[in-house]
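Read left to right, the sequence shown gives residues 6 to 98 (the numbering used here). Ideal Cβ positions, reconstructed from N, Cα and C, are used throughout, including at glycine. Below is one structure; the comments refer to it alone.
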Amino acid sequence: MEEKKATIPHMLEVTKRQKGRVTGVKDVASFSEESILLSTEEGKLQIKGAQLHIQSLDLTEGVLTMEGRMDSFVYLSKGEKGQENSFWKRMFH
6 MEEKKATIPH
16 MLEVTKRQKG
26 RVTGVKDVAS
36 FSEESILLST
46 EEGKLQIKGA
56 QLHIQSLDLT
66 EGVLTMEGRM
76 DSFVYLSKGE
86 KGQENSFWKR
96 MFH
């Protein structure tokens, strides 16, 4: 019998731009201290900031917790690759 993953609806919680919790996470595509790229139930989510750290990740439950300075949250359209699509690259491309 195939095991089903528990699916929690996608939600994003941020406290004082320093702590965050994301539900509905399917996968972490990439991460660094400046950017975290997640696959969620609602599509790809790019989080940008400084000193970002993933505190915990439970893909069975679909929950990620993080800390650091969070500056922006962007949901990417299908086909967008994330970090390569900065505002300035789109303006002058």
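- Taking C-beta atoms under 8 angstroms as the contact rule, residue 76 and residue 49 fail to qualify, at a distance of about 17 angstroms.
- Taking each of 79, 81 and 30 in turn and checking the Cα distance to residue 13, the smallest one comes out for 30.
- Taking the Cβ atoms as the reference, residue 56 lies roughly 25 angstroms from residue 67, outside the contact range of under 8 angstroms.
- DSSP, reduced to helix, strand and coil, places residue 65 outside both helices and strands of the structure shown, so it counts as coil.
- DSSP lists 49 as the beta-bridge partner residues of residue 81.
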